[in-house]
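Accompanying notes for the structure given below.
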Amino acid sequence: MKPVAFKYDAAVSVSDGCGALRDGANAKLIAGGQSLGPMLNLRLVRPGSLLDVSTLPEIREANETEAGVVIGAAITHAEIEDGAVRDPTGGWLRAAAANIAHRGVRNRGTIGGSLAHADPAADWVIVMTGLGASVTLEGPSGRRDVPMSDFVIGPFETALSPDEILVSVFVPKPAKDTRWGYWKYMRQVGEFAKASATVLINSEAGASRIALGALGQQPIILSSDVAEKVIGERMEVREALHDAFNAAGLPAEPENLALHITAVHRALAIAHADNN
Ligand SMILES: Cc1cc2nc3c(=O)[nH]c(=O)nc-3n(C[C@H](O)[C@H](O)[C@H](O)COP(=O)(O)OP(=O)(O)OC[C@H]3O[C@@H](n4cnc5c(N)ncnc54)[C@H](O)[C@@H]3O)c2cc1C
């Protein structure tokens, strides 16, 4: 199948892009096209026009600040993997990027496109949630910052308004001695994860976080109290996930929990490893 006919334009600025989204007849943004391309071909989306933001200088920049790094939405997975972007986590971002699909996908796919697409199984969705990142959105009435925990609100659903553009992602610098583990289960490279988990250990500040992904919905973040108990081995992973699944209205039978429990155990082991 081929896409419906559409008009194509390269965006000249974020504000012009927002205007086009507001005024354009059924306009849609395209970045790397790695998710949108197949959807166009299958006619799951039928835009009247496509606005390409992949080369927009405003969202192709990455800037380091004392607090972390601001990564432009059109930065590709490959650029993060290759270290073209400062990684305030000391390598966690690079490792996550390198694990996304194949190099061909990483060369074109962008961090902003991945977050805006909000596939429940996407790597950046769970990693950015686990790292406590936030996104900056720009629309006709200005910019706003949204924590990742509020940005993805459902499967393929975000807090983006139809006339807003995701401009950048802010990744905070982890406190000294923070440990991190990210693990995902997939049957083979290039397939989306069936379960994923991140573990961020910062017990001294009481700021440890465990997040679960690939749930068919937005990630679940365990409460910091529960995360500390799991990390301190005062609560079993199985019990914590059983409660979290129940609270989220997800089926909590052993067969549904098994892969997710394994994901948390593996992420914990990675976080505790000597080379972390
Ligand atoms: C074979 C294959 C395997 C893959 N495997 C994985 C994997 O293992 N893990 C993983 O995480 N991903 C995987 N992906 C997805 C890949 O990471 C995509 O790059 C990503 O999901 C979308 O990024 P993109 O830049 O290509 O966005 P596009 O496909 O161009 O756009 C996706 C959506 O985001 C919107 N959008 C794009 N940019 C913006 C913006 N700045 N502001 C607002 N909306 C925007 C578009 O309108 C569209 O709705 C895979 C893709 C393929 C083809």
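If you read the sequence shown in this note's numbering, its first letter stands for residue 29, the second for the next number, and so on. The beta carbon of each residue, even a glycine, is placed where N, CA and C say it ideally should be. The model shown is predicted, which means the values in this text are computed figures rather than measured ones.
Check                                                                                                           : Outcome
Contact the stretch 96-104 vs the stretch 67-75: 3+ CB pairs below 8 Å                                          : no
8 Å Cβ cutoff met for Lys201 and Ala95                                                                          : yes
Under the three-state DSSP convention, the category Thr186 falls into                                           : strand
With 16 other Cβ atoms within 10 Å as the buried cut-off, status of Glu185                                      : exposed
Distance, Pro247 Cα to Val153 Cα                                                                                : 8 Å
Cβ-Cβ distance between Val197 and Ala161 below 8 Å                                                              : yes
Entirely enclosed beta strand (DSSP E) segments - the stretch 58-89, minimum 3 residues                         : 77-80
Nearest-angstrom beta carbon gap, Ile298 and Gly209 [assumed within contact, 8 Å]                               : 3 Å
Backbone CA spacing between Leu121 and Arg131 [nearest angstrom]                                                : 16 Å
Other residues of its chain near Asp151: CB distance less than 6 Å, five sequence neighbours each side excluded : Ala124, Ile128
Cβ-based burial, His305 [other Cβ within 10 Å; buried from 16]                                                  : Past the edges of the chain, shown from 29 to 304, lies residue 305, and the structure says nothing about it.
Ordered list of alpha helix (DSSP H) runs contained in the stretch 212-300, each at least 4 residues            : 252-259, 265-276, 282-300
Whole-Å CB distance - Gly140 paired with Ile87, under 8 Å assumed                                               : 7 Å
Residue(s) in a DSSP beta bridge with Lys306                                                                    : Nothing can be reported for residue 306, as the shown portion of the chain is limited to 29 through 304.
Contact under 8 Å by Cβ, Met268 with Asn274                                                                     : The amino acid occupying residue 268 in the given sequence is Ala; Met does not appear at that position. No, Cβ-Cβ distance for Ala268 and Asn274 is not below 8 Å.
Exposed unless 16 or more other CB atoms sit within 10 angstroms - verdict on Asp115                            : buried
Collapsed DSSP secondary structure at Thr306 in the structure displayed                                         : No answer is possible for residue 306: the residues shown for the chain start at 29 and end at 304.
Burial state of Ser41, where buried means 16 or more other Cβ atoms lie within 10 Å                             : exposed
Alpha-carbon to alpha-carbon, Phe179 and Ser43                                                                  : 21 Å
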